[in-house]
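In case it helps, my numbering puts the sequence shown at residues 113 to 303.
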Amino acid sequence: MKQVILLIVVTLIIVITILLWKFYFHFPDATKDAFVERTKSMEKRVILIEEMNEEQLYDAIDEFIGMYKEDMDTSSLEKPFVTRYEKGFLLTFSANIDYNLFCFWVNYLVYSDKKKQERYFVYGWYPFGEVESQKESMNFSGKTIMIYIPKEDDEFDNVYIITPDNQYYKNEFAGTTKAIPPCKEQYRPKP
């Protein structure tokens with residue numbers, strides 16, 4: 113009986129080693145390097161979405177990409193990396209994603225289910241570098257801003273911004289970002 117168990121354990125170890133060798137160690141170095149770089153860069157820009165199931169989320173992602181793929185630079189329009197997170201999902205984007213496109217993602221995900229009467233809870237965190245901040249009307253350089261849409265909003269074509277020091281802004285997709293009075297929402301740390 114002990115010999116049978118030992119034989120099974122040894123067989124399992126050999127099979128696992130072969131699978132690891134085949135599927136992990138056997139990738140070309142360029143593939144591994146690209147995966148490592150993408151993972152590092154994706155730690156920066158995330159969207160948290162709650163109260164949406166996995167099928168709805170993937171449908172929304174595919175619809176968004178389908179809508180914009182003809183009009184946008186394909187290097188910045190890529191599928192986010194999706195992981196489960198507490199009561200929802202985290203969408204992680206590479207450093208290539210443009211600030212305005214990231215805001216469009218947040219807005220679209222809030223309103224993505226046309227049949228649903230209520231909105232999904234969607235929060236995005238976008239770290240601003242110096243170059244990005246110079247392109248925008250407000251100076252967010254060195255700050256990771258939180259982007260969301262409050263429940264009271266009825267304009268559908270904007271997002272709201274909170275800085276870590278609780279400064280509030282409204283980004284209208286017509287191209288203006290303006291300071292607004294404080295709202296109920298407070299800045300939350302990035303998950």
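All C-beta atoms, glycine included, are put in the ideal place defined by N, C-alpha and C.
In this text the structure is predicted, and so the values were computed from the model without any measurement.
query, result
"Please report the distance separating the alpha-carbon of phenylalanine 240 from that of asparagine 283.", "15 Å"
"Note down, in chain order, each residue of its chain lying with its Cβ closer than 6 Å to the Cβ of threonine 288, except the 5 sequence neighbours on either side.", "none"
"If we call anything under 7 Å between Cβ atoms a contact, is isoleucine 259 one with valine 194?", "no"
"Please name the residue, chosen from Tyr280, Asp225 and Tyr299, that lies closest to aspartate 174 on a Cα-to-Cα basis.", "Asp225"
"State the DSSP-derived secondary structure class of alanine 172, mapped to helix, strand or coil.", "helix"
"Which first and last residues belong to the beta strand (DSSP E) in which leucine 203 is found?", "200–205"
"Please report the distance separating the alpha-carbon of valine 116 from that of threonine 123.", "10 Å"
"Quick one: give me the first and last residue of the beta strand (DSSP E) that asparagine 270 is part of.", "270–274"
"Would you mind working out which of Ile120, Val158 and Pro303 sits nearest leucine 221, comparing C-alpha positions?", "Val158"
"Ignore the nearest five residues each way along the sequence and tell me which others in isoleucine 292's own chain have a CB closer than 8 Å to its CB.", "Tyr272, Tyr280, Tyr281 and Lys282"
"Would serine 206 be called buried (16 or more neighbouring beta carbons within 10 Å of its own) or exposed?", "buried"
"Any idea what DSSP makes of asparagine 278, helix, strand or coil?", "coil"
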